[in-house]
Amino acid sequence: MSKKLRVGLLFGGRSAEHDVSVVSARSVMAALDSEKYEVIPIGIARDGRWLLNVDPQQALADQMHLAADVAATNLALSGPTALAERNSPQAVRDPSRIGSLDVVLPILHGPNGEDGSIQGLLQLADVPYVGCDVLSSALGMDKIVQKRLFS
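Just so we're aligned, residue 6 is where the sequence shown starts under the working numbering, counting upward by one.
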């Protein structure tokens, strides 16, 4: 059998659409074939903390809030297609446990998710991602610019 593709499932976020993103991530995670993909759930808490291995199902059970969790690992981007944990009490001390990602699925809704922000961050970090590029995402969120483009 060939190597599984490592997929970062990015969900949550700082927008009012946080809860919708968690529900969407749960659906995406359930639909991905575990024989083909190793899913690495990465939650973004409402306060902006990035947390590794946050189960969307558990986040749903906890009123869909990504709270500080001893089982979660705070993250910071650290180079091409890699995620490494930030120094924190919850941090796993062995960065090799995180490894690199083959691709990221940004399952984020609203500002800071669909507006080109996260796409720009991933692009600058040289992390492959699925979906629209930075410009397309930004234009898609700006209804005034859209109206001008289509008129």
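In this text, a Cβ means the ideal position worked out from N, Cα and C, and glycines have one as well.
Counting only residues of its own chain and dropping the five nearest sequence neighbours on each side, Met146 has a CB closer than 6 Å to the CB of Glu119, Asp120. In this chain, the beta strand (DSSP E) harbouring Arg11 covers 10-17.
Under the three-state reduction of DSSP output, Gly48 falls in the strand class. The residues Leu10, Arg11, in chain order, have a CB closer than 6 Å to that of Asp107 in the same chain once the five nearest residues on each side in sequence are set aside. The C-alpha of Ser26 is placed about 6 Å away from the C-alpha of Ile112. Residue pairing from DSSP places Leu110 in a beta bridge opposite Leu14.
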